[in-house]
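With the sequence shown counted from 1, adding 2 to any position gets you the numbering used here. No residue lacks a Cβ here, since even glycine has one placed at the ideal position from N, Cα and C.
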Amino acid sequence: IRDRFCIINIISVYYLKYMFIYRFILEQIKRGYLMEELLKELVEKNRKFTADGNVANYIPELDKADKNALGIYVTTLDGQEFFAGDYNTKFTIQSISKIISLMLAILDNGEEYVFSKVGMEPSGDPFNSIRKLETSSRKKPYNPMINAGAIAVASMIKGKDDREKFLRLLDFAKLITEDDTLDLNYKIYIGESDTGFRNYSMAYFLKGEGIIEGNVNEALTVYFKQCSIEGTAKTISTLGKFLANDGVLSNGERILTTRMAKIIKTLMVTCGMYDSSGEFAVRVGIPSKSGVGGGICSVVPGKMGIGVYGPSLDKKGNSLAGGHLLADLSEELSLNIF
Ligand code: GLN
Numbered sequence: 003i004r005d006r007f008c009i010i011n012i013i014s015v016y017y018l019k020y021m022f023i024y025r026f027i028l029e030q031i032k033r034g035y036l037m038e039e040l041l042k043e044l045v046e047k048n049r050k051f052t053a054d055g056n057v058a059n060y061i062p063e064l065d066k067a068d069k070n071a072l073g074i075y076v077t078t079l080d081g082q083e084f085f086a087g088d089y090n091t092k093f094t095i096q097s098i099s100k101i102i103s104l105m106l107a108i109l110d111n112g113e114e115y116v117f118s119k120v121g122m123e124p125s126g127d128p129f130n131s132i133r134k135l136e137t138s139s140r141k142k143p144y145n146p147m148i149n150a151g152a153i154a155v156a157s158m159i160k161g162k163d164d165r166e167k168f169l170r171l172l173d174f175a176k177l178i179t180e181d182d183t184l185d186l187n188y189k190i191y192i193g194e195s196d197t198g199f200r201n202y203s204m205a206y207f208l209k210g211e212g213i214i215e216g217n218v219n220e221a222l223t224v225y226f227k228q229c230s231i232e233g234t235a236k237t238i239s240t241l242g243k244f245l246a247n248d249g250v251l252s253n254g255e256r257i258l259t260t261r262m263a264k265i266i267k268t269l270m271v272t273c274g275m276y277d278s279s280g281e282f283a284v285r286v287g288i289p290s291k292s293g294v295g296g297g298i299c300s301v302v303p304g305k306m307g308i309g310v311y312g313p314s315l316d317k318k319g320n321s322l323a324g325g326h327l328l329a330d331l332s333e334e335l336s337l338n339i340f
């Protein structure tokens, strides 16, 4: 009797164990499936907004982008990936590079030095505005997310010349986006450096004020090149995940201190969408950084990174349909950090 009881016992324990594993796997598949369906649905729902904006054309080559494109890539902290729409299209990360260069500049020089040269306040002005550089009482660019601040930050990257500085920045970008294939779009870089006259004027002004200490042209070259780094929605989604994980790579290696990760995420909330940051925080509520190439990199702390691509921009230079898509996703999955 005892033997029989024992066998029945063993069988039922195994039965329960396998039922549990089986159910768990089924649940995961179902969740993944629902997530992909949700992303697909939201991309198609929001694609219509691409008609209301325009692709950037002030930088040669950017106007070649497909205005109707819209895609999304989600990377969760537990290693799952979901995507929909034009998630595989390549685009230049433009201003999204400003968070990468800020991280490296702080690693190179320390927080105190960097923020002695650039502020932490939203400017309320367009990203390429010059006016506050001279009229405001503070003698430094308002924040590192507008062009003036980002050029000042680019001047702080260490290296013996602009080539070495940019290669260090590119290597760092490859590390934290976990994408070894990341590279420069040379045509866009040339286009930017041939036409970025406002950026030249701001950089020279900053040199005159002593904010830029080194060579101005080197700072500009690094800045134009970092803006011309090319990736996909997956690249910026992984970047978002890196920050969502507080500056720790997927393999567990810590690259940023928690404090640094916090600074970057906070500046994304307050300044990442330029003079739309306040409205974006209310509508979406997720730390994000946009670029005129059409990308938005979003960080859901402790949960996931989101990369959105939609090159049709609103008047302030942010992806129009991308913003709507993120607002919907934030609502659907309750991602609003506030
Ligand atoms: N390279 C662009 C510029 O300097 C970056 C601006 C942006 O993405 N908002 O104008």
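Out of LEU106, GLU113, GLY233 and ASP182, state which residue places its alpha-carbon closest to the alpha-carbon of ASN90.
Closest option to ASN90, Cα to Cα, is GLY233.
Does the pairing of the segment 91-110 with the segment 224-231 give three or more beta-carbon distances under 8 Å?
yes
According to DSSP, which residues form a beta bridge with MET270?
Beta-bridge partners assigned by DSSP to MET270: none are found.
Which of helix, strand or coil DSSP assigns to SER118:
Here DSSP, grouped into helix, strand and coil, assigns SER118 to helix.
In chain order, each alpha helix (DSSP H) run of at least 4 residues that lies wholly inside the segment 273-327:
279-285
How many angstroms separate the CA atom of THR240 from the CA atom of PHE199?
32 Å
Comparing C-alpha positions only, which one of TYR75, LYS162 and GLY121 sits nearest to TYR311?
Closest option to TYR311, Cα to Cα, is TYR75.
Return the bridge partner residues of THR77 from the DSSP annotation.
GLU83 and GLY307
Give me the residue from PHE226, VAL302, LEU322 and LEU315 with the minimum Cα distance to PHE340.
VAL302
How far does the beta strand (DSSP E) with GLY233 in it extend, from its first residue to its last?
231-233
Residue interval of the alpha helix (DSSP H) (run including ILE159):
Taken as a continuous stretch (DSSP letters only), ILE159 belongs to no alpha helix (DSSP H), as it is neither H nor E.
Could I get the ranges of all uninterrupted alpha helix (DSSP H) runs contained in the segment 160-193, with 4 residues as the minimum, in chain order?
164-179
Using the three-state DSSP reduction, which class does THR259 fall into: helix, strand or coil?
In this structure, THR259 counts as coil in the three-state DSSP scheme.
Of the residues ASP5, ASP80, GLU29 and GLU39, which one's Cα is nearest the Cα of LEU331?
GLU39
I'd like to know whether the C-beta atoms of PHE174 and ILE102 end up nearer to each other than 8 Å.
A contact, by the Cβ cut-off of 8 Å.
Drop a sphere of 10 angstroms on the beta-carbon of LYS209, count the other beta-carbons inside from all chains shown, and report buried for 16 or more, exposed for fewer.
By the neighbour-count rule (16 or more Cβ atoms within 10 Å), LYS209 is buried.
So GLY274 packs on SER290, CB below 8 Å; how close in whole Å?
5 Å
8 Å Cβ cutoff met for LEU315 and GLY297:
no
Suppose the cutoff is 6 Å on Cβ atoms and the five residues either side in sequence are ignored; what does the same chain contact list for GLY242 look like?
CYS299, SER300, VAL301, GLY307 and ILE308
Where do the N-terminal and C-terminal ends of the alpha helix (DSSP H) with GLU123 fall, by residue?
From DSSP, GLU123 is part of no alpha helix (DSSP H); its letter is neither H nor E.
So the candidates are ASP127, ALA67, GLU83 and ASN59; which of them puts its Cα closest to the Cα of LEU36?
GLU83
Have a look at the DSSP bridge pairing and note the partners of PHE93.
GLY233
Taking 7 Å as the line, does the beta carbon of GLY198 fall inside it for any heavy atom of the ligand GLN?
yes
Between GLY126 and TYR191, what straight-line distance do the alpha-carbon atoms span, to the nearest angstrom?
27 Å
In three-state terms, what does DSSP make of VAL57?
coil
Considering only DSSP beta bridges, list what VAL250 is partnered with.
According to DSSP, VAL250 shares a beta bridge with ARG256.
Please report the straight-line C-alpha distance between GLY161 and LEU222, rounded to a whole angstrom.
14 Å
Please classify THR137: is it buried, with 16 or more other beta-carbons within 10 angstroms of its beta-carbon, or exposed?
Label assigned to THR137: exposed.
Would you identify the three-state DSSP class for LEU337, choosing helix, strand or coil?
In this structure, LEU337 counts as coil in the three-state DSSP scheme.
Taking the alpha helix (DSSP H) that GLU136 belongs to, which residues open and close that run?
133-137
Determine the extent of the alpha helix (DSSP H) in which GLY112 is found, giving its start and end residues.
Where GLY112 is concerned, there is no enclosing alpha helix (DSSP H), given that its DSSP letter is neither H nor E.
Relative to the alpha-carbon of ASP54, which residue among ILE213, ILE61, LEU337 and ASN70 has its alpha-carbon at the smallest distance?
Per the Cα distances, ASN70.
Is it the case that the CB of GLN96 approaches a heavy atom of the ligand GLN more closely than 7 Å?
yes
Give me the residue from ALA58, ARG140, LEU245 and LYS66 with the minimum Cα distance to THR268.
LEU245
Using a Cβ-based criterion (distance less than 7 Å to any ligand heavy atom), does GLU166 qualify as near the ligand GLN?
No, since every heavy atom of the ligand GLN falls outside the 7 Å radius drawn around the Cβ of GLU166.
Quick one: is the Cβ of ILE61 within less than 7 Å of any heavy atom of the ligand GLN?
yes
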